[in-house]
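Worksheet: the structure to be examined is printed underneath.
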């Protein structure tokens, strides 16, 4: 709803005064035209000044001080506030002055503190040349935005699209860089900063696409590189899909851009405001504006600008807008639902690396628990962890789910007795551990708490330990993202030693959360997304060695608690699926023993059931998925055929084997409601909340 406030007229009154237009004097038509143009020019000048002030003010409310250094002594603990969900009231200048196409953002007193972004300078003014170049944002040339047109021309082609583009909805200056058509199978060469960051060298689209490259000035100190792939020749399905990356990656997700565009979507992707690889967080030392871009601003700005490109190329708005991402990309999908509930009609958020501060504390703690090498008496080798895994499966596989298949259908039920591993107990397993090593095993599967005994992050689940070693979590390696986050963003100390991480570091990260743009991404208030009719489809592998799947279950409980609703009401807009035997996102060569393929990425696109179809049917046909059917190929090789399929239940249902049936038959399992699904405090399996039922 638009609010018309007396304050909104002040800039225009000032403009009139500056041009010395008498309020009562009637002017001849030609003089009126001249004076109106002068007035418009003056409004543009004042608008720029007003907008600059509001930008500074909004940064104080949303991202902390505008200084490039974070405050050391004045921080207070922040939470992932839902305040950014509400947009401020706008009054377009065009409703007051004829032919003026710019707009002025005027926040009300009640909404000022919740403004997530500030509308940029009008596109009618001369746009600044993009600062991107071959060493920054991934392109070799740049050009200013074209002057806006009233409507998109009916005969726009890819060749003339860049010169015709205008951005009247974007909250930041957008600069088209290039627009080029590629036939299916042509090589798209990756250049500039994206190539230097290791984002790939070339990709071949499966459909004919118009590739649009743009940059967005998200702040005075940061810029986002983005691309839009537009299916040509009648192959567009009338929808958009944004893609995103894992880790702290600063690449357009080209593989998924090709994947979703091959399904007819106009694909939109961005570099999260920086160029970089998945595990290199050295850019955290840059301006805090770059961190805010990564947390939410790059994505939202790419959504808005991308939709404008789509609107003008096809001369129509998309019918539906979707998002797909995993790991950090899953958390970013959650953040969009929390902060910008109107950005997407449907979101696929997988293996979400949410509650980022606590996740990195939890991840960074493992090297302290395991030691750094086999010379440390605490340390376990890979073979030792294989011994541990054999003992876990012996106690918790068939005995709990009825099938001896190397998959813990619900690992949260496992109450593993690690004492059987001790050589002092005459362990009968092939190999045994010292008492010190057995204690390491116990510690590895514990939750992370603060000094007040509040839960910060849930435990690693049983069944993921060997992959956790192979991926560096339990191998004595320092976790790069955790190290860089606490070294640069939290402590501002390049010499900070991750082996010294302690409770003071955890508390400091929490205190800086709001300054970092609410990087925790863990607000449970999805009321705006729910009211907007959005659908959130989350999944997480229960054998994830990098991000505990219990944290996704914890988030589900947090949302239900904050909204005060039960699982039936949750089902209307939010469905979370636990994928048994699946490792992290189903990528990286270690995908897990479970039926992990269901179209969640290009590698899993060959599966007979696709999560994108599930989401579309839910959003567009009001037909929500009861289960996600996953496929497991022999040795994860399609040519070797399907090993089995399994229907994964949505929480709070548990997948239960029907005794006497074929476990490889998808119909041999049923979903049973977990009666105690809300229990999350001390004694609950898994432990997911504080003693009082609250969630940090």
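Residue numbers (the working numbering): 834 to 1529. Glycine included, each C-beta is placed from N, C-alpha and C at the ideal position.
Beta-bridge pairing of residue i - partner residues as DSSP gives them
i: residue 1059; result: 1047 and 1103
i: residue 1370; result: 1181 and 1408
i: residue 1488; result: 1504
i: residue 1042; result: 1015 and 1064
i: residue 1022; result: 1035
i: residue 1154; result: 1073
i: residue 1281; result: 1290
i: residue 1008; result: 1048
i: residue 1463; result: 1479
i: residue 1440; result: Residue 1440 is not bridged to any residue.
i: residue 1313; result: Per DSSP, none; premise fails for residue 1313.
i: residue 1266; result: 1255
i: residue 1159; result: 1183
i: residue 1430; result: 1464
Nearest to residue i (by Cα), restricted to the options the options
i: residue 1237; options: 1523, 1495 and 1514; result: 1495
i: residue 1400; options: 1472, 1097, 1380 and 1483; result: 1483
i: residue 1117; options: 1096, 1254, 1320 and 1028; result: 1320
i: residue 1129; options: 1519, 1087, 1187 and 1252; result: 1187
i: residue 1091; options: 1344, 1139, 1462 and 1040; result: 1040
i: residue 793; options: 1379, 1380, 1377 and 1364; result: A query on residue 793 cannot be resolved here, the shown segment of the chain reaching from 834 to 1529 and no further.
i: residue 1491; options: 1503, 1209 and 1481; result: 1503
i: residue 1468; options: 1461, 1477, 1462 and 1460; result: 1477
i: residue 1536; options: 1474, 1417, 1283 and 1445; result: Lying before the first or after the last residue shown, residue 1536 is absent from the chain, which here runs from 834 to 1529.
i: residue 1368; options: 1068, 1077 and 1458; result: 1458
i: residue 1031; options: 1194, 1023 and 1038; result: 1023
i: residue 1252; options: 1442, 1139, 1224 and 1176; result: 1224
i: residue 1138; options: 1057, 1168 and 1335; result: 1057
i: residue 1175; options: 1185, 1194 and 1154; result: 1154
i: residue 1311; options: 1205, 1173 and 1318; result: 1205
i: residue 1069; options: 1453, 1100, 1060 and 1244; result: 1100
Residue i classed as buried or exposed, judged by whether at least 16 other C-beta atoms fall within 10 angstroms
i: residue 1156; result: buried
i: residue 1389; result: buried
i: residue 787; result: A query on residue 787 cannot be resolved here, the shown segment of the chain reaching from 834 to 1529 and no further.
i: residue 1094; result: buried
i: residue 956; result: Model confidence at residue 956 stands at a pLDDT of 33, short of 50, so the residue's coordinates are unreliable and nothing is read from them.
i: residue 1018; result: exposed
i: residue 1159; result: buried
i: residue 1275; result: exposed
i: residue 909; result: Because residue 909 sits at a pLDDT of 38, beneath the cut-off of 50, its placement in the model cannot be relied upon, and the following sentence gives the value as read from the coordinates. Exposed.
i: residue 1295; result: buried
i: residue 1450; result: exposed
i: residue 861; result: Residue placement at residue 861 cannot be trusted, given a pLDDT of 49 that sits under 50; what the coordinates show is reported in the next sentence. Exposed.
i: residue 1232; result: exposed
i: residue 1134; result: buried
i: residue 999; result: buried
i: residue 1464; result: buried
i: residue 1509; result: exposed
i: residue 1506; result: exposed
i: residue 1064; result: buried
i: residue 848; result: The pLDDT assigned to residue 848 is 42, lower than 50, so where the model puts this residue is not dependable, and the model offers no usable value.
i: residue 932; result: In this prediction, residue 932 scores a pLDDT of 36, lower than 50, which makes its location untrustworthy; the coordinate-derived value is nonetheless stated afterwards. So residue 932 ends up on the exposed side.
i: residue 1073; result: buried
i: residue 986; result: With a pLDDT of 42 at residue 986, under the threshold of 50, the modelled position of that residue is not reliable, and the figure given next carries that caveat. Classification for residue 986: exposed.
Proximity below 8 angstroms, CB of residue i to CB of residue j
i: residue 1316; j: residue 1331; result: yes
i: residue 1071; j: residue 1006; result: no
i: residue 1432; j: residue 1438; result: yes
i: residue 1373; j: residue 1314; result: no
i: residue 1124; j: residue 1303; result: no
i: residue 1008; j: residue 1047; result: yes
i: residue 1338; j: residue 1351; result: no
i: residue 1043; j: residue 1003; result: no
i: residue 1027; j: residue 1085; result: yes
i: residue 1416; j: residue 1300; result: yes
i: residue 1293; j: residue 1381; result: yes
i: residue 1249; j: residue 1228; result: yes
i: residue 1190; j: residue 1343; result: yes
i: residue 1143; j: residue 1199; result: no
Expected contact under 8 angstroms - CB spacing of residue i and residue j to nearest Å
i: residue 1163; j: residue 1183; result: 5 angstroms
i: residue 1111; j: residue 1081; result: 7 angstroms
i: residue 1051; j: residue 1126; result: 5 angstroms
i: residue 1521; j: residue 1383; result: 6 angstroms
i: residue 1358; j: residue 1171; result: 7 angstroms
Below-8 angstroms beta-carbon distance, residue i vs any chain D residue
i: residue 1313; result: Note that chain D does not occur in the displayed structure, where there is just one protein chain.
Distance cut-off 7 angstroms: residue i Cβ against heavy atoms of the ligand COA
i: residue 1281; result: Because no ligand of any kind appears in the structure shown, any question about the ligand COA cannot be addressed here.
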